[in-house]
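Written below as structure tokens is the structure these notes are about.
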Amino acid sequence: MATTNAAQKRARAKAEYNVFLAVCPSRQLLDRLSDKWVVLVLCALGGDGGGSPGVPASMRYSELSRLIAGVSQKMLTQTLRSLERDGLVTRTVTPTVPVTVDYALTALGLSLYQTTRQLRSWAQDHMEAVQAHRDEYDADH
């Protein structure tokens, strides 16, 4: 019986990921990434929310909270924690009075940011057409 090392086990598991299977762990990740707050936080930290568009920015919690209209403190905290846990965001604590906490995208987060930026842009660019289809559908049903 041949033994496998950890890298070989990871490679085999990666080859076996199939989001269409109910037991695939990538479904959990897909579920997380489809959350609107995740998309908005990634876009904000990617630089879409101000400053130089498309230039990643380190932001404080209060800046994110002001930028992302409608997000509750609880949801923003949960979103940032989950993104940090997944390795998409870093949290840097600076010992000042009061303590300063900054959030920034990791390399992994930056790779996902490109996709979320396109998704955000698509939604903004096509909202009129989608709304027209919704209105037409609602009138017929």
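Numbering (the numbering used here), first residue to last: 1483 to 1623.
Using N, Cα and C, we set each Cβ at its ideal position, and we do this for glycine too.
Being a predicted model, the structure only gives us computed values, none of them experimental.
Is the beta carbon of Thr1582 less than 9 Å from the beta carbon of Val1571? The residue given as residue 1582 occupies position 100 in the sequence shown. The residue given as residue 1571 occupies position 89 in the sequence shown. No, Cβ-Cβ distance for Thr1582 and Val1571 is not below 9 Å.
What does the Cβ neighbour count give for Tyr1499, buried or exposed, with the cut at 16 atoms within 10 Å? Numbered from 1 along the sequence shown, position 17 holds the residue referred to as residue 1499. Exposed.
Comparing C-alpha positions only, which one of Lys1518, Cys1506, Ala1489, Pro1538 sits nearest to Leu1590? As a working note, residue 1590 is residue 108 in the sequence shown. The candidate whose alpha carbon is nearest that of Leu1590 is Pro1538.
Secondary structure of Thr1710, DSSP reduced to three states: Because residue 1710 is not part of the residues shown, which for the chain are 1483 to 1623, the question remains open.
Using the beta-carbon count (16 or more within 10 Å), is Leu1511 buried or exposed? Counted from its first residue, the sequence shown places residue 1511 at position 29. In the assembly as shown, Leu1511 is an exposed residue. Its beta-carbon has fewer than 16 other beta-carbons within 10 Å.
Using C-beta distances below 8 Å, list every residue in its chain close to Ala1586, excluding the 5 sequence neighbours before and after it, in chain order. Looking up residue 1586 in the sequence shown gives position 104. Here the set comprises Leu1527, Pro1538, Ala1539, Ser1540, Met1541, Val1571, Thr1572, Thr1574.
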